[in-house]
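Only one structure is covered here, and it is reproduced in the block below.
Residue numbers (my numbering): 44 to 326.
If you want it as structure tokens, here you go:
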């Protein structure tokens, strides 16, 4: 299997028309010690696929607010350990644990290792994902299965593995990361769109099952976020992409992370909902 990346739209070159470019805002990185808000003090959080991009921003945001965190990775061990090391240097408790979410045995090990390290799991963010973009006529069975296995099956494996521990612990918070592509589709992304749409349906069904156990389940649907995948696009593609976004800029990973943090720290009366972070591209 190839490296699991952070969940976000894939190849966007076929999506758009003309535009005037707009540079994404530069993100700031406040010190963990400088922030006095500790709403997640003592909570334990796992963010899958959190060595870079949106996942890295989420795991950092949760640590910023007091959570003890697991930086999960599939192959990017060095990057994940760098994230964990940076968080520890700023006063957080963080460990990097490798596991591929498409493999049930590895997910089980991720849960057991986390319980061994922290003793409990309060928050789980399903963020890991891949994309293999081809039109339907060129899409191979392997392309289809790899994306569905990681992006959709992985969420089932992770959720089913952690729920028993959350029930035993008296509750928990689960946030799934989908994509605008799961809402609007896109040429060349039938596999990715199917998986991301499936995440939305999965969230709504599981939320109804788990609410009795004080477990909330919500889904966040990012639009085009200024991560490596988007910033690597050609200027022409970026211009066309920005024309479709009413705010005329790409989102920042931190804007997705802030919403996730709110849902797990203050969203006690919110479950089964989908939240769009897309600059108005889909309403």
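Yeah, the Cβ is synthetic: ideal placement off N, Cα and C, and Gly gets one too.
Problem set entry | DSSP three-state assignment for residue 224, whether helix, strand or coil | helix
For this session: State yes or no: is the beta carbon of residue 250 nearer than 8 Å to at least one beta carbon in chain B?
Result: The chain labelled as chain B is not found in the depicted structure, where only one protein chain is given.
Exercise. Going by beta carbon distance, what residues of the same chain come within less than 6 Å of residue 194, once the five residues before and after it are set aside?
Worked result: 172, 238
Exercise. When you compare each of 81, 99, 86 to residue 296 by their alpha carbons, which one comes out closest?
Worked result: 99
For this session: Decide yes or no for the touch test of the region 99-109 against the region 174-186: beta carbon pairs closer than 8 Å, at least 3 of them.
Result: no
Exercise. Roughly how many angstroms lie between the CA atoms of residue 221 and residue 132, to the nearest whole one?
Worked result: 31 Å
Exercise. CB-CB under 7 Å to residue 247, same chain, minus the five flanking residues each way: which ones, in chain order?
Worked result: 315
Exercise. Taking C-beta to C-beta, are residue 127 and residue 105 nearer than 8 Å?
Worked result: no
For this session: Spatial neighbours of residue 243 within its chain, please: CB distance less than 7 Å, with the 5 preceding and 5 following residues excluded, ordered by chain position.
Result: 221, 225, 262, 317
For this session: Would you mind sorting residue 254 into buried or exposed? The rule is 16 or more other CB atoms within 10 Å of its CB.
Result: exposed
Exercise. What do you reckon, are the CB atoms on residue 110 and residue 130 nearer than 8 Å?
Worked result: no
Exercise. Since residue 197 contacts residue 144 with CB under 8 Å, what's their CB separation in whole angstroms?
Worked result: 3 Å
Exercise. Fully enclosed by the region 217-280, which beta strand (DSSP E) runs are 3 residues long or longer?
Worked result: 258-265
Exercise. In the DSSP assignment, what are the bridge partners of residue 167?
Worked result: 89, 217
Exercise. Mapping DSSP to helix, strand and coil, what is residue 305?
Worked result: helix
For this session: Give the single residue among 148, 161, 252, 324 whose Cα lies nearest to the Cα of residue 139.
Result: 161
Exercise. CA-CA distance, residue 215 and residue 158?
Worked result: 14 Å
For this session: Indicate the three-state DSSP secondary structure (helix, strand or coil) for residue 287 in the structure shown.
Result: coil
Exercise. Alpha carbon to alpha carbon, what distance is there between residue 155 and residue 115?
Worked result: 13 Å
Exercise. Skipping 5 residues on each side, what residues in its chain have a beta carbon closer than 6 Å to that of residue 165?
Worked result: 86, 87, 215
Exercise. If you run the structure through DSSP and keep just helix, strand and coil, what is residue 173?
Worked result: coil
Exercise. If you count every other CB in all the chains shown that lies within 10 Å of the CB of residue 347, and 16 or more means buried, which is it?
Worked result: Nothing about residue 347 can be read from this structure; the chain reaches only from 44 to 326.
Problem set entry | Among 294, 204, 137, 125, nearest to residue 153 - alpha-carbon criterion | 204
For this session: Return helix, strand or coil for residue 199, following the three-state DSSP convention.
Result: helix
Exercise. With distances taken between CB atoms, is the gap from residue 135 to residue 112 smaller than 8 Å?
Worked result: yes
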